[in-house]
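Visitor: Take this structure, written in structure tokens, and hold onto it; I'll ask about it next.
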Amino acid sequence: MAGIGFALERLYRGASLSDRAASFAHAAIVAAGPCLLFVLCIWLISASISELEGRTTIASFRALIIYSFALSFVVTAPIALVSARLISDRLHDLRVADIPAIMLATFGFSAVVIVACAAALFGLPLELEPAVVIAAVANCALIGLIWVACLFASVTRDYTSVTAFFALGTVLAVLAVTLGYNLRPDLEIMLWGFNIGLAATLFGLLTRVIATFPFAVRAGTTALLPLARAAAAYWPIALGGLCGAIGAWVDKWVVWFSPYGSQIQYGLLHAPLYDSAMFLSYLVVIPAYAAFIIHLEVRFFRNYRLFYSSILEHATLAQIRAHGARLRDETIASLSAITVPQLVVCALVALSAPALVDLLDMQFRQVGMLRLGVIGAAFQFLFITCSALTLYFDRRAVFLLLQLVFLALNGGLTFALLALGPNYLGLGFLAASALSALIAYLALARTLQRLEYLTFIANNPAVRIRRQAAKAF
Amino acid sequence: MNNDAAAIRRAGDASLRVLRTAHAQASPQASFPTLPSAAPRFAFRRRRQEAQTADVCMIVEGAYPYVSGGVSAWVHGVISRQSDLRFCVVAILPEPPPPKPKYDAPPNLQALHHLYLSEACARGGVLRPSSFNQTEFDIAADAFLRGGGLAELASVDRLMAPLVKARRATDLLDSTLAWNLVCDLYSREMPHESFLHFFWAWRALFGGLVATLAFPLPPARVYHTVSTGYAGLLAARAAVETGRPAIITEHGVYTNERRIEILQADWIVDTIDKGYAIHDPRRDLRDFWSTAFESYARACYEACTEVITLHGANQSAQLLHGAALERMKIIPNGVDYRTLSRLSRAPTDDAPTVALVGRVVPIKDIKTYIQAIEIVRPKIPGLTALVMGPTDEQPDYYEECKAMVARLGLSGIVRFTGQVDIASYFPRVHVNVLTSVSESQPLSVLEAGAAAIPTVATNVGACREILLGRRDEHPALGAGGILTDVASPEQTAAAIGELLGDADRRERQGRVMRQRVERYYDLNVVDDAYATIYRHHMQAPLRQLA
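First to last, the protein sequences are chains A and B.
Take 0 as the starting number for the first sequence in numbering that gives the first Met the number 0 and just add one per residue.
Take 0 as the starting number for the second sequence in numbering that gives the first Met the number 0 and just add one per residue.
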């Protein structure tokens, strides 16, 4: 992500206010990407199709898309994290020519896994028609591959193209779904229409990636073994990614299966009041993610590189400690500078939730969920950024533990607090996010406090290898 | 971070090279009674296997049984010929696994232990003992590494004992305790240095020190080390802990060799420009390394009841590093005079043949030999030049030598025989050549001398003493060869030409060498000396040192 962040920071530092606005807009696209695409599409589609005629179909369409998002996110998160780590290693070793093969292997492996999982989900427990199953599987695969493509696209630093392809995809999706529905008002047409938009976005992103790494792929299978080895070597990262992705959705699944969920048709479950309140909450926090990409990640990465390069350039201990202190202080300061205002914004949104609900034509019952959701989303942002930053220091076990904690808390507390009634839906998510954010922040702070010790001894792979050799022998 | 750490790791590997003495992979040999590593979990098995205390524990660093020739051959010979004594060997290596041995195990070798210097202590204990005093240990370790001796070593050993007993010795390398230690030491010693280099230097040195002090000592009645350095450190520790005598036989001067290596190390970044100042109190990383090795040497000399060396040139260095004059002794290398003296001499009218007996490694400077052959070839028709020694120790260097032979058009003249039985070749050799840049007391010159073959040798180590005679040689026998400067192919070629062109001189000098070897370097004389020393010290009572 830091790759595109540097380009956005340069834009941010442009002279005019519009440059700054543009940088935030682009960062929002990079951060939220497919989610924004989905939300905009659904909103536009819902607005363009009459309520009476298409309510059930649209609800099923929306539910299927949500299922696709959830499944694709969960499946691709571990693959993408491992692949990102492998590509990072290759970039550092200047083995740039290996990257296309790795990307191809990642895409291929992701597609296979997603299709298999989607076929199992849409084909077995749900009562969908085969044609709809195929469309839904394709939909899930396209979304999953877009998640992966977003990761590679962030290396290209070409934010204009990324934004343009998402905009193109959104427009095409809305047009195709609306026109298709008018021709034949069924799920299959709607899904394929949405797929057209997704495909346009995906292939657009792929063209940028291929243009950035125009190296021939001699044999696509050559990267499968390195990918498998990376998965074995970095299994805490993969498992952490999986747990984190599940953790992000588990509260919704708990509510879907609770008395507050409902069945639409074909066995599709959803909790529309809770889901839309939560998705809106996530949108409110997008500026924080955008700021993270533009400022925190970039500045953090600069200080991080400074710290490590000072070591390799034979700095004294005093100099190394000074760089470490700067990395510590600026990271905490940046994190605070983003989180505090975002919390204030979320608090304001929470206070004005009734007006917002009215404005967006939502239900009054959603006011409480929205309030709890926006505050919870702000804490979730803190949790995600702190746990992501621990990965920069290769604290794999810490990262995994944090994701497991969030998963357990989000699922457990959401389930436990169901008994409080529908007005408190979202309280479990808030409590889980707040607790997890606190733990993640403390973990990050402790990592930053012990940075030099971790670098040279506790987390030094060179020392680890010798220690393992001693144990083995 | 993983990638930056890879770069940090490379610095550490370079640091570890300073600790390596030459050892190479070998073809499989017969079994040694090898015991597993020094890891504590094998202690029980070791106690079961060692039914008896050894008479002599030989402590060898980076040599026997994994390197052929030189010190290894000497150790193997001593063990084999003192056949009524029970030996064990502690082989000190940089890191596991051990290579394949180059020698068959003598019947009286009870056990072969391995001490790995690169942090091979696995953590076994759960808690660090509260009896371990970090502050005191920090002060004691600093005092020892900054030029201490036996008393300081004993202090470090005593303070470290609770950690060793609790199987937490690795805390001194892999914990916040270790981090505090290295930061404190760095701040006191050289706060201006590259911390990265200091860290790895400290880790290599301290890791070796910790490994040596945590190593389970095999029980023996006498501990005999063949160098200072870590082998000497272990011998000193054994003397302190067990009260048994320790003796040292130095072949080369370990501290000098390490000092040269450290001075030449291109991976050490110099952050202090001392210019031409002789007395600059500031210490840099090279000083840190050198001083540490000098401390090890001092502790070893102070602990050993006998400080033996092969020749007089080494004794000044020993005195400089704290050896007591009254304990010092010269016992040279010995060769099998009886067998070698019976070999026939190369007939004068045979094709002129010269030979260099030695490993094909840079320290033997084979390239100077090859260049000398190229210079002398036009004057000596039919010349054959043999290189008799293993070629697998440094394959790159061997390939360079072969390429040089081909480039100089010497392919029909210079022949690499590999490791051979010199007794089968000596009857055809007219002149022995040695072009080493560094030697102690080269066995090859003595063996050639026993076979009445004169030698052209560089003036290194004990070569002057061997070829021209010791100061106490009465009556003086005269010259047994010609000395040259190091890396001087012209001088070497001229000397070879002189000897090959003068059969009488060759015959005369060969006779001188044979007499000299019989008088001073006969294996029987050497064996008797060591037999006496061992028996004397095996019966010695326990003594308390430091």
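All C-beta atoms, glycine included, are put in the ideal place defined by N, C-alpha and C.
So that I know if they touch, is there some Cβ in chain B lying closer than 7 Å to that of Tyr233/A?
Guide: No, its Cβ sits nowhere closer than 7 Å to a Cβ of chain B.
Visitor: Extract the residue ranges of the alpha helix (DSSP H) inside the region 176–222 of chain B, only unbroken runs of 4 or more that lie entirely within it.
Guide: Complete alpha helix (DSSP H) runs here, min 4: 194–213.
Visitor: Does any CB atom of chain B fall closer than 7 Å to the CB of Ile101/A?
Guide: No, Ile101/A does not count as interfacial toward chain B.
Visitor: Verify whether the separation of the beta carbon atoms of Glu438/B and Gly460/B is less than 7 Å.
Guide: For Glu438/B and Gly460/B, yes; Cβs fall inside 7 Å.
Visitor: To the nearest angstrom, how far is it from the Cα of Phe136/B to the Cα of Leu544/B?
Guide: Approximately 20 Å between the Cα atoms of the pair.
Visitor: Kindly confirm or deny that the region 363–382 of chain A and the region 272–282 of chain A touch, where touching means at least three C-beta pairs closer than 8 Å.
Guide: Short answer: they touch.
Visitor: If you measure from the beta carbon of Phe278/A to each beta carbon in chain B, is any gap under 7 Å?
Guide: Answer no: the Cβ-Cβ gap between Phe278/A and chain B never drops below 7 Å.
Visitor: According to DSSP, which residues form a beta bridge with Phe415/B?
Guide: Phe415/B pairs with Val386/B.
Visitor: Where does Met102/A fall in DSSP's three states?
Guide: In the structure shown, Met102/A sits in a helix (DSSP, three-state: H, G or I).
Visitor: So, under 8 Å CB-CB, Leu381/A and Ala436/A are touching, yes? Tell me the CB distance rounded to an integer number of Å.
Guide: Right, the Cβ-Cβ distance comes to about 4 Å (below 8 Å), so this counts as a contact.
Visitor: With DSSP run on the structure shown, which of helix, strand or coil describes Ser59/A?
Guide: DSSP places Ser59/A in helix when its eight states are reduced to three.
Visitor: Taking only beta-carbon positions, decide if Asp141/B is within less than 7 Å of chain A.
Guide: Not an interface residue.
Visitor: Can you find the residues in the same chain that come closer than 8 Å, C-beta to C-beta, to Gly249/A, ignoring five residues on each side of it along the sequence?
Guide: The displayed chain sequence assigns Val, not Gly, to residue 249/A. Same-chain partners within the cutoff: Leu406, Asn409, Gly410, Thr413.
Visitor: Checking 7 Å against the spacing of the C-beta atoms, do Gly203/A and Leu171/A come in under that value?
Guide: No. Outside cutoff.
Visitor: Looking only at C-alpha atoms, which of Ala290/A, Tyr288/A, Arg320/A sits nearest to Asn302/A?
Guide: Taking only the C-alpha atoms, the option nearest Asn302/A is Arg320/A.
Visitor: How big is the Cα-Cα spacing for Pro548/B and Leu152/B?
Guide: The structure shown does not extend to residue 548/B, since chain B is modelled only from 0 to 545, so the question has no answer here.
Visitor: Anyone know if the C-beta pair for Pro99/A and Phe193/A falls short of 7 Å?
Guide: No. Outside cutoff.
Visitor: According to the neighbour-count rule (16 or more other Cβ atoms, all chains shown, within 10 Å of its Cβ), is Arg515/B buried or exposed?
Guide: Burial call: buried.
Visitor: Assuming Tyr336/B and Glu517/B are in contact, meaning their beta carbons sit under 8 Å apart, how far apart are those beta carbons, in whole angstroms?
Guide: Yes, they are in contact, since the Cβ atoms of Tyr336/B and Glu517/B sit about 5 Å apart, within 8 Å.
Visitor: Does DSSP put Leu409/B in a helix, a strand or coil?
Guide: Here Leu409/B sits in coil by DSSP.
Visitor: Check whether chain A comes within 7 Å of Phe194/B, counting only Cβ atoms and requiring the distance to be less than that.
Guide: Chain A contact via Cβ: present.
Visitor: Could you tell me which residues DSSP pairs with Ile329/B in its beta bridges?
Guide: According to DSSP, Ile329/B bridges with Thr308/B.
Visitor: Assign Thr20/B to buried or exposed, taking buried as 16 or more other Cβ atoms, counted over all protein chains shown, within 10 Å of its Cβ.
Guide: Low confidence applies to Thr20/B: its pLDDT is 34, below 50, so where it sits in the model is not reliable enough to give any reading.
Visitor: Quick one: is Ile259/B buried, meaning 16 or more other Cβ sit within 10 Å of its Cβ, or exposed?
Guide: Ile259/B should be labelled exposed.
Visitor: Within the same chain, show all residues whose beta-carbon is closer than 7 Å to that of Leu466/B, passing over the 5 residues directly before and after it, in chain order.
Guide: Here the set comprises Thr454, Ala456, Ala478, Gly479, Gly480, Leu482.
Visitor: From what residue to what residue does the alpha helix (DSSP H) around Thr248/B run?
Guide: Premise fails: Thr248/B lies in the beta strand (DSSP E), 245–249, not in any alpha helix (DSSP H).
Visitor: Note down, in chain order, all residues in the region 453–464 of chain A with a beta-carbon under 7 Å from any beta-carbon belonging to chain B.
Guide: For the region 453–464 of chain A, which is checked against every Cβ of chain B, the residues closer than 7 Å are Phe455, Ile456, Asn459, Pro460, Ala461, Val462.
Visitor: Would you say Ile310/A lies against chain B (beta-carbon separation less than 7 Å)?
Guide: Cβ-Cβ to chain B under 7 Å: yes for Ile310/A.
Visitor: By how many angstroms is the C-alpha of Ala142/B removed from the C-alpha of Tyr391/A?
Guide: Spanning the two alpha carbons is a distance of roughly 39 Å.
Visitor: DSSP three-state label for His535/B, please.
Guide: Correct three-state label for His535/B: helix.
Visitor: Select from Ala451/B, Asn255/B, Ser423/B, Ile365/B the residue whose C-alpha is nearest the C-alpha of Leu433/B.
Guide: Measuring from the Cα of Leu433/B, the nearest candidate turns out to be Ile365/B.
Visitor: Could you round the C-beta distance between Leu85/A and Leu226/A to whole angstroms and report it? I think they count as a contact, below 8 Å.
Guide: Indeed, because the Cβ distance is near 6 Å, the residues count as touching under 8 Å.
Visitor: State the beta-bridge partners of Ser261/A as determined by DSSP.
Guide: For Ser261/A, which the question treats as bridged, DSSP gives the partners His269/A.
Visitor: Grab the span of the alpha helix (DSSP H) containing Gly357/B for me, first residue to last.
Guide: Gly357/B -> no alpha helix (DSSP H), and no H or E assigned at all.
Visitor: What does Cys182/B touch in chain A if you count any residue whose Cβ is under 7 Å from its own?
Guide: The contacting residues are Leu316.
Visitor: Is the region 145–155 of chain A touching the region 174–181 of chain A in the sense that three or more CB pairs, one from each, lie closer than 8 Å?
Guide: Output reads no: the region 145–155 of chain A does not touch the region 174–181 of chain A.
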